[in-house]
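Here is the structure we will look at.
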Amino acid sequence: MKRILVDQDGVLANYEAGFEFWFRGLFPGYDVIPYEQRNTFYQEDQYGIIYPELKERIEAIPRLNGFYASLPLIRGAVEGIEKLAESNDVWICTSPKVDNPYCASEKFEWIRRFLREKWVRRTIITKDKTVVKGDYLIDDKPNIQGEYVPEWEQIVYDHPYNRGIEKKRFTWDKIDDFLRWVN
Ligand SMILES: [Mg+2]
Numbered sequence: 003m004k005r006i007l008v009d010q011d012g013v014l015a016n017y018e019a020g021f022e023f024w025f026r027g028l029f030p031g032y033d034v035i036p037y038e039q040r041n042t043f044y045q046e047d048q049y050g051i052i053y054p055e056l057k058e059r060i061e062a063i064p065r066l067n068g069f070y071a072s073l074p075l076i077r078g079a080v081e082g083i084e085k086l087a088e089s090n091d092v093w094i095c096t097s098p099k100v101d102n103p104y105c106a107s108e109k110f111e112w113i114r115r116f117l118r119e120k121w122v123r124r125t126i127i128t129k130d131k132t133v134v135k136g137d138y139l140i141d142d143k144p145n146i147q148g149e150y151v152p153e154w155e156q157i158v159y160d161h162p163y164n165r166g167i168e169k170k171r172f173t174w175d176k177i178d179d180f181l182r183w184v185n
């Protein structure tokens, strides 16, 4: 049985779609960047080049009260994490925005709403994922760093903005292949 850490934003919660929702609401008349053309992990980096006049207000979006609680689900995530947990020791491992005072509690609220209560009790909120033990970390972030050399191997949750990384890739629709490989 492997210990698998599962990131929340970009793996379970559809951060990209949530961002687009808030962007459209706040800046009517501005176009969102089509998902397939997204090439930076942080939205403000790419949006800030296209719309420099909005950069600061875009940076403020993930700091708004209600932002994290509003994120929709990534398709297949609920069934996927349950399936992963049938044969593995699975934990949610997520990093909060520390300058958003609502972020950590809204993350718990989100997990309670979309996943079963048991997952709230299997959630690790940490700014540094390298201190957490595990065999694998499924995460969409390109360059995860911290105080330690991680024990886990990162499996990249595939998005257009992380295609430059040479690591094993994962999406929930490929879970059967992943389970065959991991077990
Ligand atoms: Mg993430």
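Residue 72 in our numbering sits at position 70 of the sequence shown, and the numbers go up by one each step. Even glycine gets a Cβ: it sits at the ideal position worked out from N, Cα and C. In this text the structure is predicted, and so the values were computed from the model without any measurement.
- Ranking D178, A106, E155 by CA distance to the CA of K129 puts A106 first.
- Going by beta carbons, Y138 and I157 fall inside the 7 Å limit.
- In the assembly as shown, L66 is an exposed residue. Its beta-carbon has fewer than 16 other beta-carbons within 10 Å.
- The C-alpha of G148 lies about 12 Å from the C-alpha of S97.
- In terms of side-chain proximity, the C-beta atom of G12 is found nearer than 6 Å to a non-hydrogen atom of ligand 1.
- Relative to ligand 1, the beta carbon of K143 is positioned inside 6 Å of a heavy atom.
- Here the alpha carbons of K170 and R124 stand approximately 24 Å from one another.
- Counting along the chain, W93 sits inside the beta strand (DSSP E) bounded by residues 91-96.
- Checking the DSSP bridge columns, you'll see T125 partnered with I94.
- In this structure the segment 89-96 does not touch the segment 25-42; the number of beta carbon pairs closer than 8 Å is below three.
- Note on geometry: alpha-carbon atoms of Q10 and E55 lie some 30 Å from one another.
- By the Cβ neighbour-count rule, N145 is exposed, with fewer than 16 other Cβ atoms within 10 Å of its own.
- 7 Å or more divides the Cβ of I76 from the Cβ of N164.
- Distance from the C-beta of D9 to the nearest heavy atom of ligand 1 is below 6 Å.
- The criterion of a C-beta distance shorter than 7 Å is satisfied by D142 and G12.
- Nearest to F172 by alpha-carbon distance, out of I140, V134, P152, is I140.
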